[in-house]
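Letter by letter, the sequence shown follows residues 1 to 357 in this note's numbering.
Even for Gly, the Cβ is constructed at its ideal location relative to N, Cα and C.
One structure is given here, and the rest of the page talks about it.
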Amino acid sequence: MNHHPVPRRRFVKSLAVASAAATVVSPTILNATDKSGSGPTIIGGGRYTYECIHDWGLSSLPAGHEYGWTSNGVAIDESGRLYVSHHGAPGSIFVFDEDGRFIRAMAMKHRTEKEAAGHGVDIRKEGDTEFLYLSPDSSDLAFTKMTLDGEIVWQKGRADLVKDSGIKLTRYRPTNSSFRPDGGYYLGDGYGSSYVFEYDKDDNFVRSIGGPGGQDGQFRTPHGQWLDDRDAAPKLVVTDRANQRLQWFAMDGTHIKSMGGFVKPADIDVQGDLLIVADIGASVTVLDKDDTVVAKLGHNAELEKRVMDRKLDVRSKRDQWLPGTFIHPHDACFDRHGNIFVSEYVLGGRVTKLRKV
């Protein structure tokens, strides 16, 4: 196989977030501003200012289409179409055009008897063709590579990973995939064994990274990963969710560094010199090229305390969701214009577009 990969979420690195203003905003609270009560909701500040459009695309869903228990992952193809994975019906993925109009449901086979199992969704261009990598969060389902029309190219389930890695995998529930610059890729068993499995461009197994634990190089729920190519030496960055940190690894699997300060980091995207972290702890955190936190978009400190108290079940109570804030960001990705799409782990699902202003 001769891959010439371009990762999902952004296809031309020069389409970075515009840096018209160099103002650095406070990384603590960035609340919404709408003094009239009827205008757009604006969050952030300086270079990191966005119009917050909650429930983007929701009104275009046809009858019988719903996110169900939650919306999970977001990915954008080369034409600007947004793919949202979910636990609703039908299928496990909904596709929208750039204006938020529903196009179709897909991934019909990625369901359990009770519900859809759409979790991590990622897109890469290989040669002249784009492929979608779906990680369904069910022990009965498999990592799947498919065309954008839903035709399955390959699947790798528990038995395949056990055979390839030699690890028993008494627990197995996929969460996310990510890509290497040489055509290889990573499969993350985040809800299961806490390993990330590396394959080369020809689908041959290379190595296992991680395993359960709290030491550097170990994970407790490696929920998401991505390629950090913000400097000359590309790295794998992993959201080590239950350890409340990010971890960076060299392309040979060697641990480089860990960074704490997160609540429950869920997934990552990179554009230009920015790295964004969807944090289930009620924010989308922005890091600059030096990995300094420069913004916590949609964050409200008091709301964070409430949403992280599971007894209050704020994720199912829409009347308690404040405009311009997030409840449980589960994934976030840049589009080619520098806007950000955020999918949340909330009942009924919610996709928010942060339109750069």
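In the DSSP output, what is residue i paired with across the bridge?
i	result
serine 71	His86
aspartate 331	Ser343
glycine 214	According to DSSP, glycine 214 bridges with nothing at all.
leucine 236	Leu227, Phe249
alanine 116	Arg111
glycine 44	Thr49
tyrosine 185	Phe179, Tyr199
tyrosine 133	Asp122, Lys145
threonine 352	Val342
glutamate 66	Ala89
valine 95	Tyr83, Arg104
proline 323	Bridge partners of proline 323: none, in fact.
phenylalanine 219	Pro212
lysine 257	Trp248
phenylalanine 205	Tyr199
Going by the beta-carbon positions, is the gap between residue i and residue j smaller than 8 Å?
i	j	result
aspartate 360	glycine 73	With the chain represented from 1 up to 357, any question about residue 360 goes unanswered, as that position is not in the structure.
tyrosine 172	serine 194	no
glycine 281	cysteine 52	no
aspartate 279	lysine 264	yes
serine 71	histidine 86	yes
threonine 144	histidine 110	yes
valine 286	tyrosine 50	no
aspartate 77	asparagine 176	no
leucine 141	valine 121	no
glutamine 271	phenylalanine 334	yes
valine 351	glycine 57	yes
lysine 284	proline 329	Correcting the residue type first, residue 284 is valine in the shown sequence and not lysine. Cβ atoms of valine 284 and proline 329: closer than 8 Å.
tyrosine 48	leucine 322	no
aspartate 396	tyrosine 191	The requested residue 396 is not part of the displayed model; the chain covers only 1 to 357.
proline 174	histidine 119	yes
isoleucine 327	arginine 315	yes
Taking the alpha-carbon of residue i as reference, which of the options has the nearest alpha-carbon?
i	options	result
serine 343	Thr49, Ala142, Val84	Val84
arginine 245	Lys235, Pro234, Pro222, Ala233	Pro222
glycine 91	Ser79, Ala116, Ile103	Ala116
serine 79	His86, Ala89, Glu98	Glu98
valine 206	Phe334, Asp189, Phe143, Met251	Met251
arginine 220	Ala233, Lys109, Gly188	Gly188
valine 237	Leu275, Asn204, Leu297	Leu275
isoleucine 103	His110, Lys109, Val95	Val95
glycine 184	Arg350, Gly253, Met108	Gly253
isoleucine 167	Tyr186, Val196, Gln155	Val196
aspartate 203	Arg101, Lys156, Pro174	Lys156
glutamate 66	Gly349, Arg355, Lys353, Leu354	Gly349
leucine 347	Asp313, Lys114, Gly338	Asp313
threonine 170	Trp248, Ser139, Glu198, Thr292	Ser139
isoleucine 123	Arg158, Leu82, Pro62, Met108	Leu82
alanine 307	Gln218, Tyr345, Gly338, Thr41	The sequence shown places valine at residue 307, rather than the alanine named in the question. When only C-alpha atoms are compared, the closest one is Tyr345.
serine 59	Arg101, Gly88, Gly45	Arg101
aspartate 216	Arg355, Val277, Asp291, Gln247	Gln247
methionine 106	Asp291, Lys114, Gly88	Gly88
asparagine 339	Ala75, Ile93, Phe249, Asp291	Ala75
leucine 61	Ile43, Gly44, Gly46, Ile93	Ile93
glycine 224	Gln218, Asp319, Ala233, Asp269	Asp269
I'd like to know if the region 238-252 and the region 141-151 are in contact, where contact means that at least 3 CB-CB pairs between them fall below 8 Å. no
Contact the region 294-312 vs the region 243-261: 3+ CB pairs below 8 Å: no
Mind pulling the beta strand (DSSP E) runs of 3 or more residues that sit fully within the region 149-182? 152-156, 176-179
Using 8 Å as the cut-off, can you tell me whether the region 202-213 makes contact with the region 227-235, which would need three or more C-beta pairs spanning the two stretches below that distance? no
Could you give the uninterrupted runs of the beta strand (DSSP E) lying entirely in the region 265-289, keeping only those of 3 residues or more? 265-271, 274-279, 283-287
Is it true that the region 155-163 meets the region 176-186, where meeting means three or more beta-carbon pairs spaced less than 8 Å apart? no
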